[in-house]
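In our numbering, the protein residues as written are 309 to 391. Cβ coordinates follow ideal geometry from the N, Cα and C atoms, glycine included.
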């Protein structure tokens with residue numbers, strides 16, 4: 309059952325990348341990748357893939373991460389490399 313959750317929680321970042329500041333916000337709050345992963349219900353490696361921009365999160369996962377990091381989703385994720 310967990311495997312299907314992981315399969316739908318993100319997609320490969322091929323055509324339109326999603327940029328983020330997950331790592332910056334996470335570390336400023338003193339959270340490890342494992343702690344954030346536990347809070348949002350994914351494997352800790354998923355957080356690393358997202359932080360490095362290797363994958364894009366699903367909308368649900370993006371909202372969960374934003375909620376746990378106490379940051380508006382539009383400040384945590386963006387589409388153009390300008391921040």
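Point to revise | Simplified DSSP state of residue 364, which is helix, strand or coil | key: Residue mapping note: residue 364 aligns to position 56 of the chain shown, counting from 1. Looking at residue 364 - three-state DSSP - the assignment turns out to be strand.
Exercise for review: Let me know if residue 380 comes out buried or exposed under the rule of 16 or more other beta-carbons within 10 Å of its beta-carbon.
Suggested key: Counting from one through the chain shown, the residue named residue 380 turns up at place 72. Answer is exposed; the Cβ neighbour count stays below 16.
Exercise for review: Alpha carbon to alpha carbon, how far is residue 339 from residue 352? Give it in angstroms, no decimals.
Suggested key: Here residue 352 is taken as the residue at index 44 of the chain shown, counted from 1. Here residue 339 is taken as the residue at index 31 of the chain shown, counted from 1. If you take the alpha carbons of residue 352 and residue 339, they lie about 12 Å apart.
Exercise for review: For residue 360, count neighbouring C-beta atoms within 10 Å of its own C-beta (all shown protein chains included) and say buried if the count is 16 or more, exposed if not.
Suggested key: The residue given as residue 360 occupies position 52 in the chain shown. Under this definition residue 360 is an exposed residue.
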